[in-house]
Amino acid sequence: MTDTLKSIYEQCSRLKTPQLDFIPTELTRNKEIIARDLRELAFTANNDLDRSVVLLAGSLLESVLYSFLKGQETYMSAIRGRPFVFDPNVSLQNYKDIFNKYFGQTIIGSRLPDSIVDYRDAIHINRELALPEDTCSRAAREMLRILDKLLGDLAGFAAPALE
Amino acid sequence: MRTRGGEARLRALLEDLIQYYVGVYPNNPLALVVWFEKAPERPEQNILALFAGTLRNEITVTPRQSLSWKTGTEGPPYLEVHASSVGHFAQELASQPQGLSRYRDRAEVLFFDKKFLKEEVTQFFNIVTAPPDLVRCWYVDPDTYDRYRKGDLTLRSQSAGRPHLGIVKTDESPDFVHAKGIPHLEFSQRWLPLSFDAVKNYAWYSDWLSHPDRHSYLLVEGGSLYQILKFEVKTAPEYAAKFQLLEKLPDDRYPEVYLRAVLPTENAAT
């Protein structure tokens, strides 16, 4: 088909040399897990493994959002006017919606599309069967790019000062 | 609670309650929450909560409760919850809409999940999730199109699942063959225009960029097929108002996709 996963990965500079400083220092294990998964993502992308890329990229989107939002509780609490208590037992959809709500406009162009949840849910065979045959291939390509952009957006983010 | 900060705090308390309601009935997910007769300065607030399915066939009004329930504190602000099912509310809308008018009085929609709502309910509360002229599309990449031409698959099979993008047409030739439009995507249930930076993430753009010699297509709801000719960026401060976009791009620079209508091939069923 079109671009290979390997060629897309080659263009994803933030995936290749990730800057994870947006993860709070106390979340060392989160950073280790994300770094490990990024290494495995490199292997799967370089071997053009669509399904594995979808699984890992979906998992990484969740890990990255979870770790980022966890570090932004103070900022989100200030916006809300009362404590933001981050519930870790929620889904990628919830992480995405929280991120879009609090950071979608602050970090211009960073909003995450609803389709990433559909792609992630295609890990269930009944979901994938209900979608067109090329979904896994397209999902792998788009999720690589979306994850790469997200890492870039977060690396450059500094919470604005609040009055 | 007269300040904007007070309203923000009230909203946060309501959001916490909504978060609880989202999972309270696993078989009847929360579909809609409306803050009605909104008066943040008053000690008592009202919400309407509608759940999916046929959980209730009436509008139940719960006894007044403190919004500080999470901390176990009894005190203002207080909340009265009017709860029902989407199905019942839609029936009431059809039979006696005047009885529901108070739910639209100074109302603000705090939460909705459009897959559980009925159209009459979204219209009643003026929940707008897309520009009026948005057309939903599915991307057909060059390989898939080749398979379609050979009769290996139908175009209809490509429109399963969520549309890959939406288009708001900004121009169309008199013979309807050529058109251009602003690509949109669904973000938290709302169709919003994409910036040029964001367009680059998606296959329907990156395939065209990488292989301009190979034709790719958009299948539009209703069955029309368009070939993607090119993308260009236009500075157009008027677009947001003219096409009733749900959001204005900060720099007014809108990517536009140029399209050409094509007829379905003869040797493949659509």
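Heads up: the sequence lines are chains W and R, in that order. The first sequence lines up with residues 1 to 163 when you count with this note's numbering. The second sequence lines up with residues 1001 to 1270 when you count with this note's numbering. Glycine residues also receive a C-beta, built at the ideal position from the N, C-alpha and C atoms.
Residue pairing of K101/W in beta bridges, as defined by DSSP: absent, with no partner found.
Between R120/W and L144/W, the CB-CB gap reaches or exceeds 9 angstroms.
In this structure, the CA atom of A42/W is about 37 angstroms from the CA atom of V1135/R. About 15 angstroms separates the Cβ atoms of L1017/R and P1040/R, ruling out a contact at the 8 angstroms cut-off. In this structure, the alpha-carbon of F1089/R lies about 46 angstroms from that of G1151/R. The Cβ of P1077/R sits no closer than 9 angstroms to any Cβ of chain W. DSSP places C136/W within a helical segment (H, G or I) once states are collapsed to three.
Between A45/W and L5/W, the C-beta gap is smaller than 9 angstroms, which places the two residues in contact.
Straight-line measurement puts the Cα of D1113/R at about 15 angstroms from the Cα of F1124/R. For the segment 1180 to 1211 of chain R, the set of positions with a beta-carbon nearer than 8 angstroms to some beta-carbon of chain W reads L1185, E1186, F1187, S1188, Q1189, L1192, S1195, D1197, A1198, K1200, N1201, Y1202, A1203, S1206, D1207, S1210, H1211 in chain order. Nearest to R1056/R by C-alpha distance, out of E1044/R, P1029/R, T1073/R, is P1029/R. Secondary structure at G1023/R: coil, using DSSP grouped into helix, strand and coil.
Distances from the CA of T106/W to each of Q1244/R, F1231/R, P1250/R, L1218/R were compared; the closest alpha carbon is that of P1250/R. Per DSSP, the unbroken alpha helix (DSSP H) holding K1242/R starts and ends at 1239 to 1242. With fewer than 16 other beta carbons inside 10 angstroms of its own, A130/W counts as exposed. Rounded to the nearest whole angstrom, the CA to CA distance from L69/W to D1213/R is 43 angstroms. Counted as a single uninterrupted DSSP element, the stretch harbouring A1083/R is not any alpha helix (DSSP H) but the beta strand (DSSP E) occupying residues 1078 to 1085.
Closest by C-alpha distance to F1111/R, out of E1172/R, V1177/R, I1047/R, E1074/R, is I1047/R.
Residue environment: R138/W is assigned as buried (16 or more neighbouring CB atoms within 10 Å of its CB, all protein chains considered). DSSP places Y1145/R in the uninterrupted alpha helix (DSSP H) bounded by 1142 to 1149.
Closer than 9 angstroms to the CB of E1041/R there is not a single CB belonging to chain W. Counting of Cβ neighbours within 10 angstroms places S1095/R among the exposed residues, the total staying below 16.
For the segment 122 to 156 of chain W, the residues whose beta carbon sits under 8 angstroms from a beta carbon of chain R are, in order, A130, L131, P132, E133, D134, T135, R138, R141, E142, R145, I146, K149. With respect to the 9 angstroms criterion, E1238/R and K1180/R are not classified as neighbours on the basis of their beta carbons. DSSP, read as helix, strand or coil, puts R141/W in helix.
When Cβ pairs closer than 8 angstroms are counted between the two stretches, the segment 60 to 69 of chain W is seen to touch the segment 15 to 33 of chain W, the count reaching three or more.
Our two residues, E1080/R and A1052/R, have alpha carbons roughly 20 angstroms apart in a direct line. One thing to note: A1031/R has its Cβ within 9 angstroms of the Cβ of L1117/R. Rounded to whole angstroms, P1063/R and N1126/R show a C-alpha spacing of 28 angstroms.
Selection S1216/R, E1092/R, Y1020/R evaluated against W1069/R yields Y1020/R as nearest (Cα-Cα). In terms of Cβ geometry, A1049/R and R80/W do not form a close pair [threshold 9 angstroms]. Note on geometry: alpha-carbon atoms of G1223/R and R1156/R lie some 8 angstroms from one another. For A1179/R, the beta-bridge partners assigned by DSSP are E1172/R, L1259/R. Considering only R1106/R, A1083/R, K1115/R, H1164/R, the residue with the shortest C-alpha distance to P113/W is H1164/R. Out of H1178/R, I1228/R, L1246/R, the CA that lies nearest to the CA of Y1145/R is found in I1228/R.
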